[in-house]
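Engineer: Residue numbers (my numbering), protein chains in the order written: chain A, 120 to 268; chain B, 50 to 96; chain C, 395 to 912.
Here it is, the structure, as structure tokens.
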């Protein structure tokens, strides 16, 4: 039974300012660190593209472990500084990849190393070359443990 | 009469807390892992 | 005013220098070294010599960052929104990093006051620039630079570093003060960004989850009250223009996060929130009233023959963090009220009650809603204590024939439709999860229905319950069990009342609600 109450002058001003702000709305990326790659960039997609289906539990290591290795490398190098990069790194480690902090590349033993001691191990490795974007084999490589993350 | 609150794009049946992935008051869906700034080891900051 | 000669140029030079340093590869490899080199430069230019100069430096720098953003945003037609933002953030993020580093490294390690004072100063300066800009630009105001400065600075100062963890509560307090100063009713053109900041996942996490002993809850509740107070006039009229509808929908999302993750927070502050939410905001209020402690298992309200008064929980009073007694003003009225509650005299107190509650004759604005709410909850809690003092439990018998019930019955009879609606709402706002208030007020509402001397009162009690039931979920547990009791228990002769059959669609509505309740 209260019915409408006339807006006081100050509320009319506030409404006018809110309505003006409606045309300068915050953008999701305003609250996120700058993304070197893949900045959020809303794009009109065909309606039949999946718009909002967020795969349930897609923010778990288990989900990332089911991704192809190349996808994990993509996430690691193109989504730097985010939770996705962190999860991709964890998933890669679970698949016996090791991050070399000097070359900033992921290495995996191709066979048992020929030499293992306190400082390093030496042998044949597969590594992912992010510049050439592909896996390569490296024989006689010395992986110094001081560069092991 | 009111909104169907299940249509606000929030995962209200989640067992875990929803705030860590909350996309914000005007987001139609929770944050994706690539939307969440994370304190990754500094070695990962390749760029 | 009176900026020293040349300060503007120095500031511009230093800011430009810092932005280059910030984006240089060497700085990302060794941020501390780059910062110390720059601090030396600030010293050389005498910026750090006095508090006044530091303050002027930050104000001028903020102004420059803001001006850069306005120019970039005005330049929109030549670049995409993403490019505009990248350009703005290129400078803003550098400026924020400078602030964060100065806060972190100011004063010696043990002296945190210096750090916190500097942070408060900078936040105050940015807020001051924002409010002035808001006044100058009015509808052309741009929230972007300020939103960016506040959120990135907040995130930088909440990175898990020992030097920051030690002052985290002071950091949160500084940001809450700033957000309160910039509340939507003060800076309405900043409202959307303000809501983004207040509901940012890291901010919510820090305020409500990580900070120990719930020390952040009171401050966060104040920010939500600022939010409801801003929305109230627009929601009160239920005329939601698109901008208001978007803001309201955003508010619902925030409340859903709180209901899901921090229901105890909503339980503790429900009274203060409902005190500022307009009475016609039924779903939003239901959302708050539906919260219940996570360790509580609610019995299904539809359980046949549910014995509410047998539940353990109804013996425990809920936490209400507002000081209800102090809300009953003036003190003379509170004194007369306490006297009546004690002596059940003088009877004239009852006839004067309405006079204390009525504040105008303007329809829709006749009553002091806050006083009504406080009076109802205060009298109810006094009633529970009084009944308990006689080693009895509140029930349909023990709540009757008392000074407390005199007051409720008098209000039910003496108030006009508007006043009685507010009075019944104040009672219905206590129908929440199983606790002593829910139980007492449920009995009171049913008692008022049973003892009503006119069908109008019974109809209005029904309306107040029904309008809360027919909105979309969620519905508070106490509301459901009260309505189910009303329609099931034959002593209320609910279905015999004329108003239940007053129109076919009303009859259908009652039957459908009854079916869903059965």
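Glycine residues also receive a C-beta, built at the ideal position from the N, C-alpha and C atoms.
Taking three-plus beta-carbon pairs below 8 Å as touching, is the segment 818-828 of chain C in contact with the segment 678-693 of chain C?
Structural biologist: With the cut-off at 8 Å, the segment 818-828 of chain C and the segment 678-693 of chain C touch.
Engineer: Which residues bound the alpha helix (DSSP H) around residue 245(A)?
Structural biologist: No alpha helix (DSSP H) contains residue 245(A), which is instead part of the beta strand (DSSP E) from 239-248.
Engineer: With 8 Å as the threshold, decide whether the Cβ of residue 212(A) is near any Cβ in chain B.
Structural biologist: With 8 Å as the cut-off, residue 212(A) does not count as an interface residue toward chain B.
Engineer: Which of the residues in the segment 190-223 of chain A, read from start to end, lie with their CB under 8 Å from any CB of chain B?
Structural biologist: Within the segment 190-223 of chain A, the qualifying residues are 194, 195, 196, 198, 199, 200, 201, 202, 203, 204, 205, 206, 208, 218, 220, 223.
Engineer: Can you pull the chain A neighbours of residue 538(C), defined as C-beta to C-beta under 8 Å?
Structural biologist: Per Cβ cutoff of 8 Å: 143, 145, 149.
Engineer: Using the Cα positions of residue 507(C) and residue 564(C), report the straight-line distance between them to the nearest angstrom.
Structural biologist: The alpha-carbon atoms of residue 507(C) and residue 564(C) are separated by roughly 9 Å.
Engineer: If you run the structure through DSSP and keep just helix, strand and coil, what is residue 774(C)?
Structural biologist: DSSP places residue 774(C) in helix when its eight states are reduced to three.
Engineer: Residues of chain B with CB closer than 7 Å to the CB of residue 155(A), please, in chain order.
Structural biologist: What residue 155(A) touches in chain B: 96.
Engineer: From this set, 773(C), 751(C), 614(C), which residue's C-alpha is nearest residue 733(C)'s C-alpha?
Structural biologist: For the residues 773(C), 751(C), 614(C), the minimum Cα distance to residue 733(C) belongs to 773(C).
Engineer: Using three-state DSSP, classify residue 758(C) as helix, strand or coil.
Structural biologist: DSSP places residue 758(C) in coil when its eight states are reduced to three.
Engineer: Assign residue 696(C) to one of three DSSP states: helix, strand, or coil.
Structural biologist: In the structure shown, residue 696(C) sits in coil (DSSP, three-state: anything other than H, G, I, E or B).
Engineer: Would you kindly report the start and end of the unbroken alpha helix (DSSP H) that includes residue 515(C)?
Structural biologist: Start and end: 506-531.
Engineer: Excluding the five sequence neighbours on either side, which residues of its own chain have a C-beta within less than 7 Å of the C-beta of residue 194(A), listed in chain order?
Structural biologist: Closer than 7 Å at the Cβ level, and outside the excluded window around residue 194(A), lie 203, 204, 207.
Engineer: Under a CB-based cut-off of 8 Å, is residue 71(B) close to chain A?
Structural biologist: So no, residue 71(B) is outside the interface.
Engineer: Span of the alpha helix (DSSP H) holding residue 799(C)?
Structural biologist: First-last of the alpha helix (DSSP H) with residue 799(C): 797-808.
Engineer: Establish whether the CB of residue 68(B) and some CB of chain A are separated by less than 8 Å.
Structural biologist: No, because no Cβ of chain A sits closer than 8 Å to the Cβ of residue 68(B).
Engineer: Please decide whether residue 139(A) counts as near chain C, where near means a Cβ-Cβ distance under 8 Å.
Structural biologist: Residue 139(A) counts as touching chain C.
Engineer: Whose C-beta lies closer than 6 Å to the C-beta of residue 537(C) among residues of the same chain, with five residues either side of it excluded?
Structural biologist: Correct list, in chain order: 584, 587.
Engineer: Taking the beta carbon of residue 797(C) as the centre, do at least 16 other beta carbons fall within 10 Å, making it buried, or is it exposed?
Structural biologist: So residue 797(C) counts as buried.
Engineer: Distance, Cα to Cα, residue 403(C) vs residue 491(C)?
Structural biologist: Computed Cα separation, rounded: 21 Å.
Engineer: Just to make sure I have the definition right: I need the residues of chain B whose C-beta is within less than 8 Å of the C-beta of residue 590(C). Which are they?
Structural biologist: Result: 73, 74, 75.
Engineer: Quick check on DSSP: helix, strand or coil for residue 234(A)?
Structural biologist: Here residue 234(A) sits in strand by DSSP.
Engineer: Is the shortest distance between the beta-carbon of residue 83(B) and the beta-carbons of chain C less than 8 Å?
Structural biologist: Residue 83(B) does not count as touching chain C.
Engineer: Taking 8 Å as the CB-CB limit, is residue 64(B) close to chain A?
Structural biologist: So no, residue 64(B) is outside the interface.
Engineer: Please go through the same chain and pick out, in chain order, the residues whose beta-carbon is closer than 7 Å to the beta-carbon of residue 644(C), but skip the five residues on each side of it.
Structural biologist: Closer than 7 Å at Cβ, skipping near neighbours: 589.
Engineer: Strictly below 9 Å CB to CB, what residues from chain B border residue 152(A)?
Structural biologist: What residue 152(A) touches in chain B: 86.
Engineer: Please determine if the segment 670-687 of chain C and the segment 799-814 of chain C are in contact, where contact requires at least 3 C-beta pairs separated by less than 8 Å.
Structural biologist: No, the segment 670-687 of chain C is not in contact with the segment 799-814 of chain C.
Engineer: Confirm, please, whether the CB-CB distance from residue 637(C) to residue 141(A) is below 8 Å.
Structural biologist: For residue 141(A) and residue 637(C), yes; Cβs fall inside 8 Å.
Engineer: So residue 460(C) contacts chain A; which residues on that side make the cut at Cβ distance below 7 Å?
Structural biologist: Within chain A, no residue comes near residue 460(C); the closest Cβ sits about 14 Å away, beyond 7 Å.
Engineer: Going by Cα to Cα distance, which pick from 870(C), 848(C), 499(C), 605(C) is closest to residue 891(C)?
Structural biologist: When each option's Cα is compared against that of residue 891(C), the closest is 848(C).
Engineer: Do residue 543(C) and residue 486(C) have their C-beta atoms closer together than 8 Å?
Structural biologist: Yes; because the gap between Cβ atoms is below 8 Å, this pair is in contact.
Engineer: By the DSSP assignment, the beta strand (DSSP E) with residue 254(A) in it spans what residues?
Structural biologist: Counting along the chain, the beta strand (DSSP E) containing residue 254(A) begins and ends at 253-263.
Engineer: Roughly how many whole angstroms lie between the Cα atoms of residue 601(C) and residue 453(C)?
Structural biologist: Whole-angstrom Cα-Cα distance: 28 Å.
Engineer: Along the chain, where does the alpha helix (DSSP H) that runs through residue 677(C) open and close?
Structural biologist: Segment 676-683, the alpha helix (DSSP H) holding residue 677(C).
Engineer: Apply the 10 Å Cβ neighbour rule to residue 896(C) and answer buried if 16 or more other Cβ atoms are within range, or exposed otherwise.
Structural biologist: So residue 896(C) ends up on the exposed side.
Engineer: Please confirm whether residue 183(A) and residue 226(A) have their CB atoms less than 8 Å apart.
Structural biologist: No. Outside cutoff.
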